Structure formats: structure tokens, C-alpha cells
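Read the structure below first, then the notes.
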Amino acid sequence: MTPLLIVGAGGLARETVQVVHAINDVSPTWDLLGHLDDDPAKHGTIVDGVPVLAGSDEAVKREDAKIVICTANPQDNAVRSRIAARLGLPPQRYATLVHPAASVSRSSTIGPGSVVLAQVVLTAAVTVGAHVCVMPHVTLTHDDVVEDFVTLAAGCRLAGGVRVERGAYVGSGALVRENLTIGAHALVGMGAVVTKNVPAREVWAGVPARFIRPATVITEHSK
Numbered sequence: 000m001t002p003l004l005i006v007g008a009g010g011l012a013r014e015t016v017q018v019v020h021a022i023n024d025v026s027p028t029w030d031l032l033g034h035l036d037d038d039p040a041k042h043g044t045i046v047d048g049v050p051v052l053a054g055s056d057e058a059v060k061r062e063d064a065k066i067v068i069c070t071a072n073p074q075d076n077a078v079r080s081r082i083a084a085r086l087g088l089p090p091q092r093y094a095t096l097v098h099p100a101a102s103v104s105r106s107s108t109i110g111p112g113s114v115v116l117a118q119v120v121l122t123a124a125v126t127v128g129a130h131v132c133v134m135p136h137v138t139l140t141h142d143d144v145v146e147d148f149v150t151l152a153a154g155c156r157l158a159g160g161v162r163v164e165r166g167a168y169v170g171s172g173a174l175v176r177e178n179l180t181i182g183a184h185a186l187v188g189m190g191a192v193v194t195k196n197v198p199a200r201e202v203w204a205g206v207p208a209r210f211i212r213p214a215t216v217i218t219e220h221s222k
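Numbering (numbering that gives the first Met the number 0), first residue to last: 0 to 222.
See the structure below:
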């Protein structure tokens, strides 16, 4: 089995552990070594039966292991991109984890470092980039493009031909009309119904979704 380290030890990381277990139940694939977390107080602890070994920089040293960055925060959706930029690892060092209960069409692709949880559906010719988090019961339909470092929260649904640009966050239960674009680092609130393009770095919410305020973005190049 391939050694695997999960960067992060919070909610998304714990959910990802369950994806790993589900994959291994079908076919032994991953030797889960533990979590890497930058909170020193967590080092040496056990989270849901999995040890927290060290900080995220340990990923660089463990050249034998595949890595997946499992941090998500709607108030700071650039956290994964900052960690990835700091680690500087090549794409082949990252694992792609897809729950066996997800439905991924043969014409769809998922990039390195991405995590797809249970009951997700990718219907036809969907492109999911690198380091994307797709939470349970998300539906992506024909020709959708989800760029790197996007988070799609539980139950959101994208109609055909939607593009979600780098680092955007689409909240739980949001609906997005066909052929629209969610701009880079934008945030769509939970339950929103998006009927217009959402510009980059803006927060939209409501039914129909409307501009709320500029998004606070801490990019991978920020201190």
C-alpha cells in the first residue's frame, strides 16, 4: 500500500480519513501514516484513531509518502493554496481521493490533491482541478469546470457549463444556473440561488443571489 499523510487535523481532515477507510475497504490502497498539523498542541495526540505526527513541513521530508491537504474555512478559503505554495511539492506527490460512493463519469477528470466525498455526482465531461474539496451530495453536471483550490460545500449543485474559478467557495445547498462563472476567490453563501455571474473576490448570498460585500482574501502570496 502507498504511504499517505493528511495535512490538517480538523473536520475536513477527519472526513478524509473516512474516505481513505472506505477506499481501503474496497481495495487496500493507502497506508495512512497520520495527520500533519501546524498547531504544536496537537502533536502527539490521536484524532479519531489517527495520530497527529508533526507540522506540515514534515510532508517535504517524507518523500516516500503521498500528501493531501485537508484544510477548509469559508472565512479563509486560500489556506490550502498557501500551504501548497509553502511546501512546493510537485503534483505527483499529491494523492487524489475519491469516495467509492461517489459517481464519477468516465469523461470527467479530477486533479492531484483533490478530495471527493460520498454521494458526489460528476455527470459528463466535468473537469475538477487540483486541491479541490468536493463535500457530500454535490452535483456537477455536464461541462462544468472547477479550478484549483475551490471548495464546494455539501449539497451544492451546478448546472451545465458552469465555471468556478480558482479559490472560490460555494456554500452548502447553493444552486448555480447553467453557463455562469463564479469568479476567483468569490464566496457564495449557503442556500443561494445564483442567476448571474459572480465577480471575483465578492460575497454573494440570497434568493436570488446578490452582492453582499467584498470578500476578504488572504492569498498564497500574502503574509
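For every residue, glycine included, the Cβ atom is placed at its ideal position computed from N, Cα and C.
Quantities reported herein were computed from a predicted structural model and do not represent experimental measurements.
Exercise. With respect to the alpha helix (DSSP H) encompassing Asp24, which residues constitute its N-terminal and C-terminal limits?
Worked result: Its alpha helix (DSSP H) spans residues Gly10 to Val25.
Problem set entry | Val51 (DSSP reduced to helix, strand or coil) | Strand, per DSSP.
For this session: Work out the CA separation of Met0 and Val25 for me, nearest whole Å.
Result: Just so you know, the alpha carbons of Val25 and Met0 end up roughly 13 Å apart.
For this session: Look at the alpha carbon of Arg200 and the alpha carbon of Val18, and state the distance between them as a whole number of angstroms.
Result: When rounded, the distance between both Cα atoms is 31 Å.
Problem set entry | Asn196 beta carbon less than 9 Å from that of Leu179 | It is a contact, given that the beta carbons lie within the stated cut-off.
For this session: Within the same chain, show all residues whose beta-carbon is closer than 6 Å to that of Ser107, passing over the 5 residues directly before and after it, in chain order.
Result: Counting only Cβ-Cβ distances below 6 Å, and skipping sequence neighbours, we find Leu121 and Val125.
Problem set entry | From Arg79, Asp143 and Glu57, residue whose alpha carbon lies closest to that of Val114 | Comparing alpha carbon positions, the residue from Arg79, Asp143 and Glu57 closest to Val114 is Arg79.
Exercise. Around the C-beta of Lys222, are 16 or more other C-beta atoms found within 10 angstroms, so that it is buried, or is it exposed?
Worked result: Unreliable placement is indicated for Lys222, whose pLDDT of 37 sits below 50; the coordinate value is still reported in the next sentence. Classification for Lys222: exposed.
Problem set entry | Glu62, DSSP secondary structure in three states | Here Glu62 carries a coil assignment [DSSP, helix/strand/coil].
Exercise. Would you report the Cα separation of Val133 and Ala58, rounded to the nearest angstrom?
Worked result: A straight-line Cα-Cα distance of about 23 Å links Val133 and Ala58.
Exercise. Excluding the five sequence neighbours on either side, which residues of its own chain have a C-beta within less than 7 Å of the C-beta of Ala53, listed in chain order?
Worked result: Taken in chain order, the residues that qualify are Leu35 and His42.
For this session: Just confirm the distance between the C-beta atoms of Ala214 and Val202, as a whole number of angstroms; I'd bet it's less than 8 Å.
Result: For Ala214 against Val202, the beta-carbon gap comes to about 5 Å, under 8 Å, which counts as contact.
Problem set entry | Continuous beta strand (DSSP E) stretch holding Val202: start and end | Per DSSP, the continuous beta strand (DSSP E) segment holding Val202 begins and ends at Glu201 to Ala204.
For this session: Starting from Val78, follow the alpha helix (DSSP H) in both directions and report where the run begins and ends.
Result: From DSSP, the alpha helix (DSSP H) with Val78 extends over Val78 to Leu86.
Exercise. Pro2 and Lys65 look like a contact to me (Cβ under 8 Å); what is the Cβ gap, rounded to whole Å?
Worked result: Indeed, because the Cβ distance is near 7 Å, the residues count as touching under 8 Å.
Exercise. Using the rule of at least 16 other Cβ atoms within 10 Å of the residue's Cβ for burial, across every protein chain shown, is Gln210 buried or exposed?
Worked result: Per the sequence shown, residue 210 should be read as Phe rather than Gln. Phe210 should be labelled exposed.
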